[in-house]
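*Asks:* Residues in the sequence shown are numbered consecutively from 199, following the working numbering.
Provided herewith is a single structure, encoded as structure tokens, for subsequent inquiry.
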Amino acid sequence: MPFYLTPTTIALIIVFMLLLLTAMPASRVLRHKFFLRRRFVLLEIPANFFESHKAKDLLENLPVPFVFEVAVHHLGKDKHFYLSVPKTHVAQVIAQTGAEEADDYNIYHSGGSHLGFYLKSVNLISLDLASIDFSRINVVGEGAVIQLIVKYGGQSRASANFRILVSAPTPYQAQEVALGLNSSMSDSRPVTVSKNLQVFIHRLTYREFDEEEAVGWSNA
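Have a look at this one:
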């Protein structure tokens with residue numbers, strides 16, 4: 199039986215090839231579209247904003263829900279600051295911080311080693327998210343992200359997930375990066391994700407809230 203390519207199949211092949219040519223993994227495209235469907239917008243805040251402002255001062259005055267991320271990509275050592283908010287709050291955040299809409303980013307080393315952690319307490323008084331130590335990350339092949347998700351739970355109380363994910367070529371390199379990050383947050387009791395790491399990575403990637411990781415958000 200002869201095989202014919204339909205217009206739909208041809209279009210899918212073209213899209214797939216374009217993704218390969220632009221070195222943008224399909225998972226990142228799908229992740230971004232999925233996130234947008236939930237009416238959230240990803241913004242990048244200029245790093246120089248935090249030279250004169252503390253992250254906690256920004257976060258404790260943000261309307262809930264929101265997602266705040268500090269990341270070092272898998273290429274480079276610069277810290278990037280991302281804030282995801284509902285579309286109705288985008289103009290307010292841009293006016294306050296000078297943020298711009300951003301495409302999704304990548305911290306992952308393909309085929310490398312990953313370590314995940316989450317915090318069982320979040321104390322913004324003692325923890326300055328903008329000053330966490332990313333210095334052990336190498337320029338090429340290593341990346342990390344700290345993610346804070348805040349949403350309303352039962353009885354109109356806000357809850358938070360606070361996650362850390364490290365990606366590196368080898369387990370030793372990943373551990374070295376994790377040591378630097380966790381030393382900045384020792385008062386917050388980082389818990390190692392020892393099982394179901396892929397589930398943890400999925401939830402972090404798609405910015406999904408996990409009730410089992412939830413802690414109270416006292417600044418809401």
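Glycine included, each C-beta is placed from N, C-alpha and C at the ideal position.
On a predicted model such as this, the values are computed, not experimentally measured, just so you know.
Is it the case that the region 340-359 contacts the region 283-294, given that we only count it when at least three CB pairs across the two stretches are under 8 Å?
*Replies:* The answer is no - the region 340-359 does not touch the region 283-294, with fewer than three Cβ pairs under 8 Å.
*Asks:* Does the pairing of the region 299-319 with the region 387-396 give three or more beta-carbon distances under 8 Å?
*Replies:* Verdict: yes, contact present.
*Asks:* Under the three-state reduction of DSSP, which class applies to F407: helix, strand or coil?
*Replies:* Of the three classes helix, strand and coil, the one that applies to F407 here is coil, per DSSP.
*Asks:* Looking only at its chain, what residues have a beta carbon closer than 7 Å to the beta carbon of F238, apart from the 5 residues adjacent to it on each side?
*Replies:* Counting only Cβ-Cβ distances below 7 Å, and skipping sequence neighbours, we find S282, V283 and P284.
*Asks:* May I ask which residues mark the beginning and end of the alpha helix (DSSP H) holding Y316?
*Replies:* Where Y316 is concerned, there is no enclosing alpha helix (DSSP H), although the beta strand (DSSP E) it sits in stretches over S311 to L317.
*Asks:* What does the alpha-carbon distance come out to for the pair E409 and V265?
*Replies:* Distance between the alpha carbons of E409 and V265: 15 Å.
*Asks:* Can you give me the C-alpha to C-alpha distance between S333 and E374, rounded to a whole angstrom?
*Replies:* So the alpha carbons of these two residues sit roughly 10 Å apart.
*Asks:* Just mark R387 as buried or exposed, buried being the case when its beta carbon has 16 or more other beta carbons within 10 Å.
*Replies:* Classification for R387: exposed.
*Asks:* For K349, which residues does DSSP report across the bridge?
*Replies:* Answer is S357, bridged to K349.
*Asks:* DSSP three-state call for I399: helix, strand or coil?
*Replies:* It is helical.
*Asks:* With 16 other CB atoms within 10 Å as the buried threshold, where does H272 fall?
*Replies:* By the neighbour-count rule (16 or more Cβ atoms within 10 Å), H272 is buried.
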